[in-house]
RNA sequence: GCCGAGGUGGCAGAAUGGUUAAUGCGACGGACUGCAGAUCCGUUUCCUGGGGGUUCGAUUCCCUCCCUCGGCUCCA
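Residue numbers (the working numbering): 16 to 495.
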């Protein structure tokens with residue numbers, strides 16, 4: 016297992032990671048509330064934690080990555096009412112859309128997506144325990160957590176309850192004994208999905224679902240908890256209070272990681288501000304590689320600015336440059352069947368490729384510095400551009416060695432993902448026929464015909480490039 | 001008001017107690033081209049929000065102020 020460090024939001028310092036029961040790592044990240052489509056801001060967080068899980072696995076840890084789904088809450092119910100859709104069905108629909116999008120984005124590291132509503136028995140028993148221990152009280156059919164009872168409340172966020180502004184953004188609930196208390200079981204009104212409970216029909220509050228899930232799956236303590244930085248208060252604070260009060264064990268989580276927000280024009284991207292760009296939309300236009308490069312091109316804790324019509328366009332240019340040698344090599348390797356003989360790599364270059372992979376791991380192992388890793392990859396691309404003209408002459412082994420740093424990025428960063436059509440055989444046979452027809456047209460000076468062929472191919476997503484050695488072709492546009 | 005994260009070139013965005021402060025985008029000039037594109041070569045740019053302190057030396061550590069963003073009880 017490789018040693019690595021990460022910034023722990025609880026201690027506010029960079030710490031060496033040590034799992035409770037190596038090589039196993041329990042990792043929990045707060046997922047979506049699927050009351051609507053996911054947007055490019057959500058995806059930043061999940062791409063980052065995907066990289067964390069990928070890296071840990073590469074480094075020898077056995078990661079069980081759980082990401083919950085808040086498939087029922089006020090927003091889901093409200094949106095359902097708006098659309099005339101059953102709340103749970105609405106959540107299911109949006110969640111499946113999210114799964115499809117995250118699949119396209121290359122997020123495949125999550126082992127389990129538990130639904131909040133599948134953990135109602137665990138939630139009810141945790142609530143009972145909290146009541147028995149004096150940390151929670153029923154009122155008007157709901158149950159509230161008594162924040163004042165939990166001594167270390169506020170440790171993660173640095174918030175002191177006395178300095179909070181009750182009702183700053185959310186209306187104060189009159190059934191609470193104290194304004195900082197939060198609901199863990201919510202009495203339902205007729206027509207809403209509900210479960211029987213000792214306190215009457217109701218549904219789970221937001222904060223408690225996560226601890227019910229992690230207590231069940233990981234036990235009272237686990238290794239890593241992640242989420243957007245906007246969740247620190249109150250959500251993560253509440254998780255700590257709920258779990259530690261219920262189990263009597265501390266700390267609930269050994270390492271807290273929070274990723275920065277994606278801002279749009281300096282503001283947080285959110286539905287209420289109406290400045291969202293949906294993830295599906297962005298994927299359709301730019302593909303996963305461009306999006307991932309854009310996200311990972313900043314440090315995960317920094318706020319990142321998203322400028323519509325600019326950010327992803329820039330990332331697309333940058334990706335095109337970064338991927339040029341990688342795509343060429345992948346093309347050469349996939350076209351041939353079996354091992355090709357050819358020029359072998361000079362020892363110096365082979366060594367360079369190998370040591371670069373080490374440096375990439377080392378860079379990422381320092382609090383997941385994806386930006387530095389990408390800068391190193393650009394360096395490799397610069398290095399290989401010189402090899403471009405003679406790429407075809409290298410042996411399979413040599414090409415694999417040269418591809419090493421890109422393979423690393425593919426494994427850990429999820430870049431250089433290629434879609435199935437790039438491997439589809441038909442194009443490989445048909446495009447060269449058209450390319451040679453165009454070459455003949457050019458040779459006899461019929462540029463109208465030559466440009467027509469190039470134009471038609473471009474429309475079909477095939478880009479032609481002429482250089483000294485002839486005409487190359489490749490797939491243009493976003494990779495799916 | 002309180003808590004937290006940030007403030008680096010035209011833009012995005014890294015890093016470091018000490019030579020030219022990375023990388024990418026953009027722009028400009030040149031090579032190449034039937035044209036285009038890609039590519040190559042070259043040029044272009046920040047003394048790191050303001051002030052003070054520590055130090056031989058700070059952009060980096062400390063203090064203070066300003067600004068931006070997030071949170072302040074169901075936001076990734």
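Built from N, CA and C at the ideal position, the CB exists for glycine as well.
DSSP, reduced to helix, strand and coil, places residue 324 outside both helices and strands of the structure shown, so it counts as coil. Annotated as proximal: residue 84 and residue 47, with beta-carbon spacing under 9 Å. Closest in C-alpha terms to residue 113, from the list 52, 169 and 146, comes 52. Counting along the chain, residue 312 sits inside no beta strand (DSSP E), nor does DSSP assign it H or E at all. Look at residue 277 here: in three-state DSSP terms it is strand. Just so you know, the alpha carbons of residue 472 and residue 488 end up roughly 10 Å apart. By the neighbour-count criterion, in which 16 or more other beta carbons inside 10 Å mark a residue as buried, residue 455 falls on the exposed side.
Of 259, 29, 294 and 61, the smallest CA-CA separation from residue 237 is found for 259.
Comparing C-alpha distances from residue 92 to each of 81, 104 and 308 shows the shortest one belongs to 104. Contact check for residue 80 against residue 37 fails: the beta carbons are separated by 9 Å or more. For the pair residue 261 and residue 117, the Cα-to-Cα distance works out to about 34 Å. Secondary structure at residue 485: strand, using DSSP grouped into helix, strand and coil. Beta-bridge analysis with DSSP links residue 366 to no other residue. Bounds of any alpha helix (DSSP H) do not take in residue 157; it lies within the beta strand (DSSP E) bounded by 157 to 160.
Per DSSP, the unbroken beta strand (DSSP E) holding residue 218 starts and ends at 217 to 219. It is roughly 32 Å from the alpha-carbon of residue 248 to the alpha-carbon of residue 389.
According to DSSP, residue 200 shares a beta bridge with 158 and 219. Contact between residue 274 and residue 244 holds: CB atoms are separated by about 6 Å, below the 8 Å threshold.
Note on geometry: alpha-carbon atoms of residue 319 and residue 277 lie some 5 Å from one another.
Between the alpha carbons of residue 59 and residue 310 lies a gap of roughly 6 Å.
In this structure, residue 380 keeps its C-beta atom at 9 Å or more from the C-beta atom of residue 123.
Taking a contact as a CB-CB distance under 8 Å, the pair residue 200 and residue 142 counts as one, their CB atoms being some 6 Å apart. Contact annotation: residue 477 and residue 462 have beta-carbon atoms that are not nearer than 9 Å. Looking from the CA of residue 131, the closest CA among 168, 226 and 159 belongs to 226. With fewer than 16 other beta carbons inside 10 angstroms of its own, residue 448 counts as exposed. By alpha-carbon distance to residue 330, the top candidate from 357, 297 and 356 is 297.
Residue environment: residue 336 is assigned as exposed (fewer than 16 neighbouring CB atoms within 10 Å of its CB, all protein chains considered).
By the Cβ-count criterion, residue 233 is buried, with 16 or more other Cβ atoms from all chains shown falling within 10 Å of its own Cβ.
Cβ-Cβ distances below 7 Å link residue 163 to 193 in the same chain, with the five nearest sequence neighbours on each side left out; the list follows chain order.
Boundaries of the alpha helix (DSSP H) around residue 57: 55 to 73. In the three-state scheme derived from DSSP, where H, G and I count as helix and E and B as strand, residue 398 is classed as helix. A direct Cα-Cα distance of roughly 11 Å separates residue 44 from residue 68. The DSSP assignment places 462 to 474 as complete runs of the alpha helix (DSSP H) inside the stretch 457 to 485, in order along the chain (cut-off: 4 residues). Around the beta-carbon of residue 324, fewer than 16 other beta-carbon atoms lie within 10 Å, marking it exposed. The C-beta distance from residue 338 to residue 304 rounds to 7 Å, short enough to meet the 8 Å contact threshold.
Distances from the alpha-carbon of residue 294 to those of 452, 56, 169 and 321 put 56 closest.
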